[in-house]
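J.: In my numbering, the protein residues as written are 38 to 987.
#1: Which runs of the beta strand (DSSP E) fall wholly inside the stretch 876-963 and span at least 3 residues, in chain order?
#2: Please confirm whether residue 241 and residue 203 have their CB atoms less than 8 Å apart.
#3: At which residue ranges does the stretch 459-530 contain complete alpha helix (DSSP H) runs of 4 or more residues, listed in the order of the chain?
#4: Just to confirm, is the Cβ distance from residue 277 to residue 445 under 8 Å?
#5: Skipping 5 residues on each side, what residues in its chain have a beta carbon closer than 7 Å to that of residue 410?
#6: Going by DSSP, what residues sit across from residue 839 in a beta bridge?
#7: By the 10 Å Cβ neighbour count, where 16 or more other Cβ atoms means buried, how is residue 321 classified, buried or exposed?
#8: Could you tell me how far apart the beta carbons of residue 325 and residue 372 are, in whole angstroms, since I believe they sit closer than 8 Å?
#9: Alpha carbon to alpha carbon, how far is residue 551 from residue 319?
#10: Considering Cα atoms alone, identify which of 380, 387 and 368 is closest to residue 374.
#11: If distances are taken between C-alpha atoms only, which option among 102, 153 and 165 comes closest to residue 138?
#12: Sorted by chain position, which residues of the same chain lie with C-beta nearer than 6 Å to residue 794's C-beta, five sequence neighbours on each side aside?
#13: With a threshold of 7 Å on Cβ separation, who are the neighbours of residue 796 within its own chain once the five nearest residues in sequence on each side are excluded?
#14: Let me make sure I understand the geometry here. Which of 931, 886, 887 and 889 has the alpha-carbon closest to that of residue 903?
#15: Beta-carbon separation of residue 521 and residue 266 under 8 Å?
#16: Got a sec? Which residues, its chain only, sit under 6 Å from residue 892 by beta carbon, not counting five neighbours each side?
#17: Helix, strand or coil: how does DSSP classify residue 698 here?
#18: Residue 21 by DSSP, collapsed to three states: which one?
#19: Taking the CB atoms as reference points, tell me whether residue 61 and residue 49 lie closer together than 8 Å.
#20: In the DSSP output, which residue or residues are listed as bridge partners for residue 341?
#21: If you drop the 5 nearest sequence neighbours on each side, which residues of the same chain put their C-beta closer than 8 Å to that of residue 457?
#22: Taking its Cβ as the centre, do 16 or more other Cβ atoms sit within 10 Å of residue 234, making it buried, or is it exposed?
#23: Would residue 453 be called buried (16 or more neighbouring beta carbons within 10 Å of its own) or exposed?
#24: Buried or exposed: where does residue 517 fall if 16 or more other Cβ atoms within 10 Å of its Cβ makes it buried?
#25: With distance defined between alpha-carbon atoms, name the residue in 303, 153 and 98 nearest to residue 574.
#26: Quick check on the DSSP output: the beta strand (DSSP E) that includes residue 164 runs from which residue to which?
#27: Have a look at residue 976 and residue 738 and give me their C-alpha separation to the nearest angstrom.
#28: For residue 333, which residues from the same chain have a beta carbon less than 6 Å from its beta carbon, with the 5 sequence-adjacent residues on both sides left out?
#29: Hey, how far is the Cα of residue 208 from the Cα of residue 97?
#30: Kindly indicate which three-state DSSP category residue 866 falls into: helix, strand or coil?
#31: Name the DSSP beta bridge partners of residue 321, please?
#32: Assess contact between the stretch 958-972 and the stretch 935-948, defined as three or more Cβ pairs (one per stretch) separated by less than 8 Å. Is contact present?
#33: Alpha carbon to alpha carbon, how far is residue 442 from residue 407? Give it in angstroms, no decimals.
#34: Could you give the distance in angstroms between the alpha-carbon of residue 274 and the alpha-carbon of residue 391?
#35: Since residue 535 and residue 515 are thought to touch, with beta carbons under 8 Å apart, how far apart are those beta carbons, to the nearest angstrom?
#36: Counting pairs of beta carbons, one from the stretch 809-821 and one from the stretch 836-844, are three or more of them closer than 8 Å?
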């Protein structure tokens, strides 16, 4: 970006400097604890983006912002104030790092930057964050190390924190700046509003996580400080307990003897002094009544004359000016009778301690409470160095056989006492103060460490004001404060342990968490930018393709309209074809029924041979015509997917016998051998569609005999087990006929196809038989395959799945078979109503029934049939469908509505599947199509005349 005016340059300069300074201050604030290099430094990201956005003109602004920030930090944390030159050196290094990042990025990427590409983002992060951040971390730490600001041990830790802070700061801040400054780097971030919302959400979640973890860590450090304060208080109390034991022992030693000498006192106390470094001196202070004072002084003078001529025992007292006098008029005297080490405390020997006001108060408290009691602090100047101390009085009353009453007294060096108690037990860089709450401000402070006098005054003032620890902390500069009472006999000292920082030591776990959370948030921000870019590209592509598809769809709609019209026309054509086939079938079957029926009746009358031959030819021609019609209707059913399979229990041997009876004469006429064989273990009864199986085998045998002029035709049947309940029925039909070529075999199962046109002329046929057989086998779940060679014959293999019927199903089938085979035509009895409007069909059906010995009545339409049923009893009704006045469907409904259960069989030229369903739906019991076969009629009569209606 080019800045054209001076005003723009000045504004940009101040914005960059101020942004760097503010973000740096925030990073310094979250540095834990302050004074360490922050593990998150987004100011580095501002510097990098500024150089990429503006160029070289941004470098002075970056240097100034970084210099001011470092100068502020050095003032806050460095001893002796900040170094302005050093701050500008570090600021210049920050600017150099940003410019180096610009050079690396522009060498690896070309503007405009497409941040929707993951490779662009990866290169930007590697060049701008991972590599360029090495500059400031390395050079700045070398400068600080050379000036002695960081030590050798701290250098690597500082370098790691500095490098990680800059790198993470760039990774985290760059997505924000790209969104907030949308034209940065000549690259507009797509879906800026969405990306900004995501960044805000990610940033808020990251901040909440960091705050929660930081709070948890602060509570942990607060707990650790409380535990440490307990340890220190207990340690100090233990030291005071040891001193108490020493004083009690000293009192006991003095009182168990009638008279003690200075030598004996020295011998006893020397070991105690060596073992307890905090005890500056031990003394026995005798409590003497005024009337006994002279004799006591004489006795003590004699003892010390014998001990050391240079030591004189004289009574002395305190005055307001602290000088010793010779006499006093007190009611009682507490005289320092023995003291060690005596060389350092000669002036105290013979001193009446009771003559000093503050010590008198302590002596009285100890005497009347019978407990150890300390004085206020005093300045000890004897021995090595000066430090504060206290006198501790342990009262000792009179014992039997003892002349001594007084106080075992210890002079304590408080600093040594604290060192012994606190040695290696103080945690972190905490400060502490031990003070006497009842003493005056000048003598209240007993011991302090790592804490300023002004801070001590603040703490003790708060305590004396009766404030609680929380209130004292709130009014002090300390983040952590713990207060413990230290019992000293009948008195209490107060121990306060404090910390300016909420963390007692460097919480590297929080550093790692903060760095990890911000790094994750930054990478997630980049991921959102990538996803937004991809989404924008996808939406653009979708819009482009949608427009193209819309236009294509418009063309398709027009095409679909045309197709819909074509489909409607095809449906009309199919409907017309179905209606044509049904009408054609009905119209052909009606006269055909008369032709076949009358020819059969004529043959049954045994006419003259010439007439009989003519009748046979008529009957044979009718059968051929009926077969053609049936093939056409079956093919139509299969194509319309209206073919229905009927599963019944049947005997395979019965079907084979029927085939033998059907084709044996035809084979004999042509002079060829017809063979039927079973192979393997037989399966006498199966369950499946026996009618369609017979139709397949009839077509195969018919073709085999038709195309075989010499040799043989054979049918081989075998069974292959599938399970206990299923098996494969495999039938092979082989012949030695004319055979087929490979190309002929490929189309053998196509409709209306024969080997060639000469085959049709020579052998006849419609070309539907094999196609129907193949489709029937597939519908039954099986297959038909063919292998053949020219002049050598053909082999057709049928493989169909069959169910093995259960025992009770076989029994039922056997019973029905026995009924059919054992019932003679003369055994049929009954009155049959034939409902038929065609006079020829009335004659054919009626004569056929009368030949079977049945009584026959005729009704010309459905209405007359309903009347006849109401007037007389019929055992069976044969009902035509298409009749004037009332059709067969309506007549059957009427009869059923009136409660008659007489079996009704539809006898009609309507042979379609729908016709059978409609007949059964109207209350009829069975369906026979015209022209009927004598066997089919006979089986139906046997079935329904012998079966009562329920």
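Every residue gets a Cβ at the ideal spot worked out from N, C-alpha and C, and that includes glycine.
Please read these numbers as outputs of a predicted model, since none were measured by experiment.
T.: According to the data block:
#1: Complete beta strand (DSSP E) runs here, min 3: 892-896, 913-916 and 941-945.
#2: Counted from its first residue, the chain shown places residue 241 at position 204. Counted from its first residue, the chain shown places residue 203 at position 166. Cβ distance not < 8 Å, so residue 241 and residue 203 don't count as in contact.
#3: Considered as a whole, the stretch 459-530 harbours 478-481, 490-501 and 506-511 as its complete alpha helix (DSSP H) runs of no fewer than 4 residues, in chain order.
#4: Along the chain shown, read from residue 1 onward, the residue named residue 277 stands at position 240. Along the chain shown, read from residue 1 onward, the residue named residue 445 stands at position 408. Result no, Cβ atoms of residue 277 and residue 445 do not sit closer than 8 Å.
#5: For this step, residue 410 is matched to residue 373 along the chain shown. Cβ neighbours of residue 410 beyond the five flanking positions: 399, 402, 403, 430, 526, 527 and 528.
#6: Working through the chain shown from its first residue, we reach residue 839 at position 802. 764.
#7: Reading the chain shown from its first residue, position 284 is the one you call residue 321. It is buried - the Cβ of residue 321 has at least 16 other Cβ atoms within 10 Å.
#8: Locating residue 325 in the chain shown gives position 288, where the first residue counts as 1. Locating residue 372 in the chain shown gives position 335, where the first residue counts as 1. The C-beta distance from residue 325 to residue 372 rounds to 6 Å, short enough to fall under 8 Å.
#9: Stepping through the chain shown from its first residue, residue 551 is reached at position 514. Stepping through the chain shown from its first residue, residue 319 is reached at position 282. Distance between the alpha carbons of residue 551 and residue 319: 57 Å.
#10: On the chain shown, position 337 is the one that residue 374 refers to. With distances taken between Cα atoms, residue 374 lies closest to 387.
#11: Looking up residue 138 in the chain shown gives position 101. Out of 102, 153 and 165, 165 has the C-alpha closest to the C-alpha of residue 138.
#12: Here residue 794 refers to the residue found at position 757 when the chain shown is read from its first residue. Below a pLDDT of 50, predicted positions are generally treated as unreliable, and residue 794, at 46, falls in that range; the measurement from the model is reported next regardless. Annotation for residue 794: no residue places its beta carbon closer than 6 Å to its own, counting only its chain and skipping 5 residues before and after.
#13: Locating residue 796 in the chain shown gives position 759, where the first residue counts as 1. Unreliable positioning characterises residue 796 in this predicted model, as indicated by a pLDDT of 48, which lies under 50. A coordinate reading is not provided.
#14: Numbered from its first residue, the chain shown carries residue 903 at position 866. Nearest to residue 903 by C-alpha distance, out of 931, 886, 887 and 889, is 931.
#15: Taking the chain shown and counting its residues from 1, one reaches residue 521 at position 484. Taking the chain shown and counting its residues from 1, one reaches residue 266 at position 229. Less than 8 Å divides the Cβ of residue 521 from the Cβ of residue 266.
#16: Stepping through the chain shown from its first residue, residue 892 is reached at position 855. Only 868 meet the Cβ criterion.
#17: Within the chain shown, numbered from 1, the residue matching residue 698 stands at position 661. Residue 698: helix per DSSP, three-state reduction.
#18: The displayed coordinates of the chain run from 38 to 987. Any statement about residue 21 would go beyond what the structure contains.
#19: By one-based count along the chain shown, residue 61 stands at place 24. By one-based count along the chain shown, residue 49 stands at place 12. A distance of 8 Å or more separates the beta carbons of residue 61 and residue 49.
#20: If you number the chain shown from 1, residue 341 lands on position 304. Looking at the DSSP output, residue 341 sits in no beta bridge, so it has no partner there.
#21: Along the chain shown, one-based indexing puts residue 457 at 420. Here the set comprises 276, 314 and 315.
#22: Within the chain shown, the letter at position 197 stands for residue 234. Under this definition residue 234 is an exposed residue.
#23: Locating residue 453 in the chain shown gives position 416, counting from the first residue. That one is buried.
#24: For this step, residue 517 is matched to residue 480 along the chain shown. Classification of residue 517: buried, given that the 10 Å Cβ count is 16 or more.
#25: Position 537 of the chain shown, counted from the start, is the residue given in the question as residue 574. Of 303, 153 and 98, the residue nearest in Cα terms is 153.
#26: Within the chain shown, residue 164 is the residue found at index 127, counting from 1. Careful: residue 164 lies outside any beta strand (DSSP E) and carries neither H nor E.
#27: Start at 1 with the first residue of the chain shown, and residue 976 comes out as number 939. Start at 1 with the first residue of the chain shown, and residue 738 comes out as number 701. Whole-angstrom Cα-Cα distance: 25 Å.
#28: Against the chain shown, residue 333 aligns to sequence position 296. Within the same chain, residue 333 has close Cβ partners 325.
#29: The count along the chain shown starts at 1 and reaches residue 208 at position 171. The count along the chain shown starts at 1 and reaches residue 97 at position 60. About 23 Å.
#30: Translated into positions along the chain shown, residue 866 becomes position 829. In the structure shown, the three-state DSSP call for residue 866 is coil.
#31: As a first step, residue 321 must be located in the chain shown, where it is residue number 284. For residue 321, DSSP records a beta bridge to 375 and 445.
#32: Yes: the two stretches touch, three or more of their Cβ pairs being nearer than 8 Å.
#33: Along the chain shown, one-based indexing puts residue 407 at 370. Along the chain shown, one-based indexing puts residue 442 at 405. Computed Cα separation, rounded: 13 Å.
#34: Taking the first residue of the chain shown as 1, we reach residue 274 at position 237. Taking the first residue of the chain shown as 1, we reach residue 391 at position 354. Computed Cα separation, rounded: 27 Å.
#35: As a working note, residue 535 is residue 498 in the chain shown. As a working note, residue 515 is residue 478 in the chain shown. Contact between residue 535 and residue 515 holds, with the beta-carbon distance rounding to 4 Å and staying under 8 Å.
#36: Yes, they touch.
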